[in-house]
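Asks:
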Amino acid sequence: MTQSDPAFRHPLRWIHTLRLVGVLLILLCAFPAQAEQSGPFASLMVDPSLDRYVAKSQIIGGFRVQGSDTMHALMRRLVSDFQSRQPKVAVELRSGGSTKAIAEFVEPPQPGRIVVKEERAKQALLVSSSRELTDTEVKQFEAQRGYEPLRAPIAVDAVALYVHKDNPLQGLTLDQVDAIFSTSRQRGFYKDITLWGDLGLPDGWAKAPIQLYGRDRKSGTRAFFQEHVLAGGEFKPSLHEEPGAASVILALSRDQVGIGFSGIGLQASSVRILPIAEADGMPLVTPSPTTVADQSYPLRRLLYLYFDKEPAAALPPAIQEFLEFVKSREGQEAVVRAGFYPLPMDQVEKLSVALKSPPSSEGPTKQ
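Once you know that position 49 of the sequence shown is 518 in my numbering, the rest is easy, because the numbers rise by one and skip nothing.
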């Protein structure tokens, strides 16, 4: 802001602007808890054939969850609902980004340091990730430990493209999105796209430069977008890197010529979601319960929890019970309340298989 800016010259107007920003942030943060009542989640129902959660005993223990910013509201909801049924399980939640957490998760243990079983139990860590670990990351983990990490899908998400509510653009193909955001155009679009007029917008939009918004380098959403939309290409240096989903939405609500990507869990009336087509000539598709479930929406993704589990070892009881809750009907209803999509039955079955483990030899932890 400069001294020539009208808001600078009028302090009361500047204070009013700050208040508006604060209100928007509150609305954005509150939205996920009511997501099933509006937007793409309005008609979403959990499969009634899912087993209900039954706490056969009260678990004593705890664990940490660290990773995805996108999943923070989801994990907060799941943990809250779980602890209402298992109040003696302590859970510490931290975000910071999928990519950062994964890098720490797969790195080798400190040389010369032996972690005893009791200490490992205290350090029990679930890594929340808005993307699947890459083959390289899995191999790095396996090279140090001799086995792959436990991968637990817990919900479905969609990455969406957002624009200001006044933007008249009807939709984009993935190769156009690539040409907007990347320097490399790996999808083969015939030219770079820098102006809204390049996409056919008329009048005052024609010469308006496209302002780019997205997640920062710690984000799994950014890594997913780079892999699945840019086909591994490089982002333009003009990308405004935002630390979280809420800040992407906030930036776009204040920039009529902006476009940005983020997870679908957060929305506001000042922005709208752009429909996307897989390729030229294919239908434009908006993310919805139907299009995510039938996979016609191209930017659908699973959300994961990862854990360092030896193949012959049992999961810590607190983590075992938490994941049992996640795959239950009550757990998946919590997923919807957090503003995400429930797991399809085939993924629930895969999670059930992953949770089957040998009996624990660590002694009693229940009462």
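C-beta atoms are modelled at their ideal positions from N, C-alpha and C, and glycine is treated no differently.
Between which residues of its own chain and ALA692 is the CB-CB distance below 8 Å, once the five residues before and five after are set aside?
Replies: Excluding positions up to five away in sequence, the list reads SER567, THR568, ARG600.
Asks: Starting from the C-beta of PRO785, find all residues in its chain whose C-beta is less than 7 Å away, skip the five residues before and the five after it, and write them out in chain order.
Replies: GLY530, PHE532, ALA590, ALA593, listed in sequence order.
Asks: Taking the beta carbon of ARG544 as the centre, do at least 16 other beta carbons fall within 10 Å, making it buried, or is it exposed?
Replies: Just to set this straight, residue 544 is Met in the shown sequence, not Arg. That one is buried.
Asks: Do you know offhand how far ASP550's Cα is from PRO712's?
Replies: When rounded, the distance between both Cα atoms is 27 Å.
Asks: Would you report the Cα separation of PRO756 and ALA629, rounded to the nearest angstrom?
Replies: Rounded to the nearest angstrom, the two C-alpha atoms are 8 Å apart.
Asks: Rounded to the nearest angstrom, how far is the Cβ of LEU843 from that of VAL625, given a contact under 8 Å?
Replies: Limits of the chain in this structure are 470 at one end and 836 at the other, which puts residue 843 out of reach.
Asks: In whole angstroms, what separates the C-alpha of ILE528 from that of LEU595?
Replies: Looking at the two C-alpha atoms, the distance is approximately 17 Å.
Asks: Grab the span of the alpha helix (DSSP H) containing ARG533 for me, first residue to last.
Replies: Taken as a continuous stretch (DSSP letters only), ARG533 belongs to no alpha helix (DSSP H), being part of the beta strand (DSSP E) at 530–536.
Asks: Out of curiosity, what's the CA-to-CA distance linking GLU802 and GLU790?
Replies: So the alpha carbons of these two residues sit roughly 17 Å apart.
Asks: Have a look at HIS697 and LYS525 and give me their C-alpha separation to the nearest angstrom.
Replies: Their backbone Cα atoms lie some 42 Å apart in a straight line.
Asks: If you count every other CB in all the chains shown that lies within 10 Å of the CB of SER539, and 16 or more means buried, which is it?
Replies: The question names Ser, but residue 539 in the sequence shown is Thr. By the neighbour-count rule (16 or more Cβ atoms within 10 Å), THR539 is buried.
Asks: Using a Cβ distance threshold of 8 Å, determine whether the stretch 640–651 contacts the stretch 701–712, with at least three qualifying pairs required.
Replies: The answer is yes - the stretch 701–712 touches the stretch 640–651, with three or more Cβ pairs under 8 Å.
Asks: If we count the other Cβ atoms within 10 Å of its Cβ and call it buried at 16 or more, is TYR659 buried or exposed?
Replies: Classification for TYR659: exposed.
Asks: What's the C-alpha gap between LEU493 and GLU617?
Replies: Confidence is the limiting factor: at LEU493 the pLDDT is only 46, short of 50, which leaves the residue's position unreliable, though a coordinate-based value still follows. One C-alpha to the other measures close to 42 Å.
Asks: Which ranges would you report for the beta strand (DSSP E) in the stretch 697–751 if only whole runs of at least 3 residues count?
Replies: If we require 3 residues or more, the beta strand (DSSP E) runs fully inside the stretch 697–751 come out as 709–711, 727–732, 740–742.
Asks: Thinking C-alpha only, which one of GLY727, GLU611, GLY615 is nearest TYR682?
Replies: Selected option, being the one with the closest Cα: GLY727.
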